[in-house]
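Below: one structure, written as C-alpha cells.
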Ligand SMILES: Nc1ncnc2c1ncn2[C@@H]1O[C@H](COP(=O)(O)OP(=O)(O)OP(=O)(O)O)[C@@H](O)[C@H]1O
C-alpha cells in the first residue's frame, strides 16, 4: 500500500509538545552528530546504490537530502536505518553504532518511508497502537494531537483511506513517540498546499522541541522553505553540502534582456559564445528553434562569471529593459543534477570538477556484509520487532 499525502488547513498552532529534548539531554549527548556516515556504500549486486557517502547532520538541524529519481536518497536512508545492509562503510546515529546499537537507535528515530505497506483490515488507531507498543513511552496523546491537526480519522480502515490520508497515518506513526531524529523520505508527495503548510508547521515545532530532521525530497521549493542545510546526491554520490542561504547566494544570476527584434539574433550569437552563459532561451524557446522565431523580444540566461565582462558585452546591444535576479534553487541545483560531463545548451557546466563537498569525514569504514536483498520500506516498529536488517 503506497502512502501519499492529503491536505487540510492547520488546526491551531498550539500543538502541545510534552517533552523538551533540549533541556532533558545532557550536553555531551547534544554535541554528537545526529547522523554521521563514513564512506557508506551500498551495491545491489553489481548495480550502484550509493557510493562512498560521507555525511554529517548536526543535532537540531532540518537537513535536506536532495537528488533526482534514482540518485540514492532512499538507499542511504534505508542503509542508515539497517533496513538494508551496507556493502561497506560505517555510520553512527545519535552517537550510537548503526549496526551494533540498532535497536536503541530505532527507539529514538521516527521514520516516514516513501512507501509503506500496511496490513489489510487495520484501522489507523489499531496500527498506531501496534506501533506504539514498540516504544517505551505513551504515544497516545501525541498521536491524537497529530491526527487532529492533520484531520485524520483514526477510526477509518487504512485500506479505505485515500492515498493522502494513508500518508498522514505514516506521519503520525513517525512522529508520535517524539523521536530525537526524524527521517522523512519524500514526505509531501501527494499533499496539497494547505496540508503541506500544516505539515511544515509540525516539522518546525519538532525542531524547536530539539529534534533533528532529515528530509529527503526532489522538490526544491520545499527544501528552500524549511531546511537549514542541504546535501545534494547525484548518481549515488554526495556532490555538495551547503546551507540553503549559501545556495541562494551562488554567483549564478538569472539575466533577462528585453530587446528589439533586430537585436535578438546578434544577442543570441554573442551570448552563446560567451563563457559563463548557460540555459539560454529566447522568449522561452531554446536552441536553434529560437533563431527562426521572429516575434521574440526577450532573451533569458543564467550567468556565472565576471559581471564586468557581462556589462561590456551587453553594451553592444540596444536594450529595452534588463533584469538581473537571483536564480531559483532549481536553477542552482540543475548544475549538480546534470549527469557527469553533460553540458546544457549554452555549453556551460555539469562536470564533477565543480562538486562542492564541505562535509566529508575521513574515518576508515568498517565492512558490512554485502546483500542484494531489499524490501519495500517497512515501518520502523516492525523492524524493531524483527531486529535485523535484510
Ligand atoms: N532493490 C534494489 N535492487 C536493485 N537496485 C536498486 C534497488 N533499490 C534501489 N536500487 C537502485 O539504487 C539506485 C538508487 O535508488 P534509490 O531508490 O535509493 O534512489 P532515490 O534517490 O530514492 O530515488 P527516488 O527519488 O526515485 O525515490 C537506483 O539506481 C536504483 O535503481
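In the working numbering, the protein residues as written are 4 to 393.
Glycine included, each C-beta is placed from N, C-alpha and C at the ideal position.
For residue i and residue j, which I take to be in contact (beta-carbon distance under 8 Å), what is that distance rounded to the nearest angstrom?
i, j, result
"residue 159", "residue 134", "That belief does not hold up - the Cβ atoms of residue 159 and residue 134 are roughly 17 Å apart, past 8 Å."
"residue 53", "residue 44", "6 Å"
"residue 215", "residue 70", "Not quite, the Cβ-Cβ distance comes to about 20 Å (not below 8 Å), so this is no contact."
"residue 232", "residue 246", "5 Å"
"residue 320", "residue 270", "5 Å"
"residue 229", "residue 65", "6 Å"
"residue 146", "residue 175", "5 Å"
"residue 197", "residue 171", "No, residue 197 and residue 171 are not in contact; Cβ-Cβ is about 13 Å, not under 8 Å."
"residue 130", "residue 138", "Going by Cβ atoms, the distance from residue 130 to residue 138 rounds to 14 Å, so no, they are not a contact pair."
"residue 303", "residue 262", "About 11 Å; that fails the 8 Å criterion."
"residue 330", "residue 281", "Wrong, their Cβ atoms sit about 11 Å apart, outside the cutoff."
"residue 113", "residue 157", "About 18 Å; that fails the 8 Å criterion."
I need the straight-line Cα distance from residue i to residue j, nearest angstrom please.
i, j, result
"residue 317", "residue 323", "12 Å"
"residue 104", "residue 95", "9 Å"
"residue 350", "residue 284", "Confidence at residue 350 is low in this model, with a pLDDT of 32, below 50, so its placement is unreliable and no value can be given for it."
"residue 88", "residue 109", "15 Å"
"residue 312", "residue 189", "41 Å"
"residue 315", "residue 243", "32 Å"
"residue 132", "residue 195", "27 Å"
"residue 249", "residue 255", "12 Å"
"residue 92", "residue 106", "19 Å"
"residue 334", "residue 238", "19 Å"
"residue 308", "residue 205", "40 Å"
"residue 199", "residue 117", "16 Å"
"residue 213", "residue 186", "14 Å"
"residue 151", "residue 327", "45 Å"
"residue 99", "residue 140", "20 Å"
"residue 211", "residue 268", "54 Å"
"residue 74", "residue 224", "18 Å"
"residue 181", "residue 136", "14 Å"
"residue 142", "residue 208", "17 Å"
"residue 50", "residue 58", "22 Å"
"residue 278", "residue 272", "12 Å"
What are the partner residues of residue i, as DSSP defines its beta bridges?
i, result
"residue 236", "241"
"residue 161", "According to DSSP, which records beta bridges pairwise, residue 161 is partnered with nothing at all."
"residue 58", "40"
"residue 100", "95"
"residue 202", "Note: residue 202 sits in no beta bridge, so no partner."
"residue 117", "Note: residue 117 sits in no beta bridge, so no partner."
"residue 246", "232"
"residue 326", "259"
"residue 185", "113, 216"
"residue 280", "306"
"residue 108", "Residue 108 pairs with nothing; no bridge assigned."
"residue 67", "218, 233"
Helix, strand or coil: which one does DSSP assign to residue i?
i, result
"residue 84", "coil"
"residue 222", "coil"
"residue 95", "strand"
"residue 171", "helix"
"residue 229", "helix"
"residue 45", "strand"
"residue 52", "strand"
"residue 177", "helix"
"residue 126", "strand"
"residue 190", "coil"
"residue 207", "helix"
"residue 320", "coil"
"residue 266", "helix"
"residue 151", "helix"
"residue 396", "This structure leaves residue 396 out entirely; the chain is present only between 4 and 393."
Within its chain, find whatever has a CB closer than 6 Å to the CB of residue i; leave out the 5 residues flanking it on each side and keep chain order.
i, result
"residue 46", "52, 90"
"residue 162", "123"
"residue 56", "40, 43, 79, 241"
"residue 325", "260"
Sorted by chain position, which residues of the same chain lie with C-beta nearer than 7 Å to residue i's C-beta, five sequence neighbours on each side aside?
i, result
"residue 97", "35, 37, 108, 111, 183, 184"
"residue 266", "320, 321"
Kindly list the residues whose CB is nearer than 8 Å to the CB of residue i, restricted to its own chain and excluding five residues on each side of it in sequence; keep chain order.
i, result
"residue 68", "76, 79, 80, 217, 218, 219, 220, 233, 234, 236"
"residue 226", "67, 69, 218, 220, 233, 247, 332"
"residue 61", "36, 37, 215"
"residue 155", "127, 149, 168, 171, 172, 175"
"residue 202", "8, 153, 174, 190, 191, 194"
"residue 274", "280, 283, 302, 304, 316, 349"
"residue 72", "221"
"residue 164", "127, 172"
"residue 83", "38, 40, 43, 94, 96, 101, 186"
Between residue i and chain C, is there a C-beta pair that is closer than 8 Å?
i, result
"residue 315", "Among the chains in the structure shown there is no chain C, since it carries only a single protein chain."
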